[in-house]
Amino acid sequence: MTNISKSFFGVEVLHDVNFEAEEGEVHALLGENGAGKSTLMNILGGVYTKDSGNVEFNGNAMENVTVQAATKAGIAFVHQELNVINDLRVYENMFLNKEIANRLGTLNKKEMIKQAQELFNSLGVDIDPNEYVGNLDSGRKQLLEISKAFHSDAKLYILDEPTTALNNEEIAHLFSLVRNLKAQGNTFIFISHKMPEIFEIADRYTVFRNGSLISTGRIADTTPEEATKLMVGEGYINEEVYMEHELGEPVLEIENFSGDGFYDIDLKVKRGEVVGLTGLKGSGSSELLQGIFGAAHVTSGTMKVWGQPVKTGSIIRAMRHHIAMLPANRKENSVIPDMTILENVYSAEHCLSMKNQHISRRRELAKYDNLKNLLNIKANSPDDMLLSLSGGNQQKVIVGRWINTDAKILILDNPTQGIDVGAKAEIYKLIVELARQGITIIISTLEIPEIQKVADRCIVFYGGRIHATLPREKIDEHEVMMYATNTKAAQRAAAG
Ligand SMILES: Nc1ncnc2c1ncn2[C@@H]1O[C@H](COP(=O)(O)OP(=O)(O)O)[C@@H](O)[C@H]1O
Ligand SMILES: [Mg+2]
Numbered sequence: 005m006t007n008i009s010k011s012f013f014g015v016e017v018l019h020d021v022n023f024e025a026e027e028g029e030v031h032a033l034l035g036e037n038g039a040g041k042s043t044l045m046n047i048l049g050g051v052y053t054k055d056s057g058n059v060e061f062n063g064n065a066m067e068n069v070t071v072q073a074a075t076k077a078g079i080a081f082v083h084q085e086l087n088v089i090n091d092l093r094v095y096e097n098m099f100l101n102k103e104i105a106n107r108l109g110t111l112n113k114k115e116m117i118k119q120a121q122e123l124f125n126s127l128g129v130d131i132d133p134n135e136y137v138g139n140l141d142s143g144r145k146q147l148l149e150i151s152k153a154f155h156s157d158a159k160l161y162i163l164d165e166p167t168t169a170l171n172n173e174e175i176a177h178l179f180s181l182v183r184n185l186k187a188q189g190n191t192f193i194f195i196s197h198k199m200p201e202i203f204e205i206a207d208r209y210t211v212f213r214n215g216s217l218i219s220t221g222r223i224a225d226t227t228p229e230e231a232t233k234l235m236v237g238e239g240y241i242n243e244e245v246y247m248e249h250e251l252g253e254p255v256l257e258i259e260n261f262s263g264d265g266f267y268d269i270d271l272k273v274k275r276g277e278v279v280g281l282t283g284l285k286g287s288g289s290s291e292l293l294q295g296i297f298g299a300a301h302v303t304s305g306t307m308k309v310w311g312q313p314v315k316t317g318s319i320i321r322a323m324r325h326h327i328a329m330l331p332a333n334r335k336e337n338s339v340i341p342d343m344t345i346l347e348n349v350y351s352a353e354h355c356l357s358m359k360n361q362h363i364s365r366r367r368e369l370a371k372y373d374n375l376k377n378l379l380n381i382k383a384n385s386p387d388d389m390l391l392s393l394s395g396g397n398q399q400k401v402i403v404g405r406w407i408n409t410d411a412k413i414l415i416l417d418n419p420t421q422g423i424d425v426g427a428k429a430e431i432y433k434l435i436v437e438l439a440r441q442g443i444t445i446i447i448s449t450l451e452i453p454e455i456q457k458v459a460d461r462c463i464v465f466y467g468g469r470i471h472a473t474l475p476r477e478k479i480d481e482h483e484v485m486m487y488a489t490n491t492k493a494a495q496r497a498a499a500g
């Protein structure tokens, strides 16, 4: 791809970009959210048309390609946003627009199911072809998307952030599939924000920043630190964000809280406090947060908000008590894909003000403008679809959705999942600033350094219970990891 430029609504998002992938390599495309990676790939895949520049694939010029033409030429694309249709069965998704029919023109369901099963077997993917896609968890949906691409007999595979919903085992498996296909001469363009993945799988890299090419080279000749620096430019990384601040009265007190996946939890949080919860996946912190917010069943225990008992089990009741929660997994649980940015921002607030018939667009726009400034949301019009934004900006909009409910207790479940370093840094700054303004924040994260960045206190979960509580000065990555993995018990057991 040479001298590619592209604008959306007068905003240039790709500026005279060159990009080259060689046959048989895994080429990592790096850059913060909004850098233009997906746009460039969408041009290659025929989804968007370029404003200028040239694309050549296997020596053939590709002028004004369509998705069909790109597919036919041998380009398979796993998009960043899941493209599966929940109301269809797995095999129907798989054979969408390439259905297998009998001679009489009726669909050959049996054959499609058989082929889907064979494909899953060969890929080692555990999905039932007959299942409704809506019943799959997000990891399985992502695997379905990837399987669909691998089904296509392509020469070039574009994987745009394919691992965001996969666990480590699934990622390792995907990488073994990639290595196999690579050994057969196939080429991969791999987009990810996770440095360990990139350094494990990629041969070369290209970095974009703000729609421009920054650097390209061999992975063997660089380091994760260097690559991160190239992505964000200077001065972003390891910036100190935490600020000493006064804590107020207790605003949330829970006692003997138990539910599905969390047991006997006692927790008292003060006004303006930032509490960081962590632990291995499934160790109870996310589950507890859902219990507090009324999104999951609490079987015993009591909750007080500003000293007043509040019954659990209802999200709207929690919201009326100024509790807000940003759930994990943006794509699945936060984004309303068919709505605009403004509609997404107001979806929570409208639940609270339902009885108010006079929703003034002017007032909403004014409030949105404030949020946009506060959160540094990079968007053109509030009437654009939310999905037109980069992942980091989508997440900022969702944070805005909850700030907009006049939340006093903000629960954040893995808020920086799948967003780039720059947007992450902005979210840390925001947390610290909101706390300074007296908002109480409970953040659950699998990344311990995030807690070090923002929290006054760290609570480590293990097996559904609070395993350790560490004040800010004692938060140490190694120590926290020891508690999260229960290393001490293992050491004791080993010592007999
Ligand atoms: N369909 C679209 N309409 C308007 N703006 C878009 C569209 N797609 C992408 N953009 C904008 O282009 C810029 C680059 O986005 P994108 O290519 O998705 O970045 P990346 O994949 O590197 O995160 C962002 O500012 C984004 O908001
Ligand atoms: Mg992208």
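FYI, the numbering for the sequence shown is 5 to 500, going by the working numbering.
All C-beta atoms, glycine included, are put in the ideal place defined by N, C-alpha and C.
Taking every protein chain shown into account, the CB of Thr70 has fewer than 16 other CB atoms within 10 angstroms, so this residue is exposed. Look at Leu181 here: in three-state DSSP terms it is helix.
The continuous stretches of alpha helix (DSSP H) do not include Asp410, and DSSP gives it neither H nor E. By alpha-carbon distance to Glu27, the top candidate from Ala187, Gly138, Met358 is Ala187. A distance below 6 Å between beta-carbons, with the five flanking residues on each side excluded, links Gln399 to the following residues of its chain, in chain order: Arg334, Ile423. For the stretch 84–131, the continuous alpha helix (DSSP H) assignments of 4+ residues that do not extend past its boundaries occur at 94–98, 113–127, in sequence order.
The way I'd put it, the stretch 345–358 doesn't touch the stretch 299–310; fewer than three beta-carbon pairs between them come closer than 8 Å. At a Cβ-Cβ threshold of 8 Å, Asn397 and Gly38 count as neighbours.
Residue state for Gly57 is assigned as strand, using DSSP reduced to three classes. Within the stretch 308–378, the runs of alpha helix (DSSP H) that reach at least 4 residues and sit entirely inside it are, in chain order, 319–324, 334–337, 345–356. Any heavy atom of ligand 2 counts here; residues with a Cβ closer than 7 Å to one of them, in chain order, are Asn37, Lys41, Ser42, Gln84, Asp164, Glu165, Ile195, Ser394, Gly395. Taking 7 Å as the cut-off, one finds no heavy atom of ligand 1 near enough to the beta carbon of Phe23. Beta bridge pairing from DSSP links Thr282 with Val464.
In this chain, the alpha helix (DSSP H) harbouring Pro453 covers 452–458.
In this structure Ser304 is exposed. Its beta-carbon is surrounded by fewer than 16 other beta-carbon atoms within 10 angstroms. For the pair Ile415 and Met323, the CB atoms are not nearer than the 8 Å cut-off. In this structure, Ala206 sits near Ala32, with a CB-CB distance shorter than 8 Å. Per the coordinates, the alpha-carbon of Asn337 lies some 19 Å from the alpha-carbon of Leu148. Taking 7 Å as the cut-off, one finds no heavy atom of ligand 1 near enough to the beta carbon of Ala32.
Comparing alpha carbon positions, the residue from Ser142, Ala224, Phe12, Ser11 closest to Leu170 is Ser142. Taken through DSSP and simplified to helix, strand or coil, His19 comes out as strand. Contact between the stretch 111–127 and the stretch 39–53 is absent: fewer than three C-beta pairs spanning the two stretches fall below 8 Å.
Contact annotation, Ala383 with Gly276: C-beta distance approximately 30 Å; criterion of less than 8 Å not satisfied. In this chain, the beta strand (DSSP E) harbouring Asn260 covers 254–263. When only Cα atoms are considered, Val82 and Val51 end up about 12 Å apart. The Cβ atoms of Gly468 and Tyr267 sit closer than 8 Å to each other.
Ser392 has its CB nearer than 7 Å to a heavy atom of ligand 1. If the five residues before and after Lys315 are omitted, its C-beta is found closer than 7 Å to the C-beta atoms of Arg321, all from its own chain and listed in chain order.
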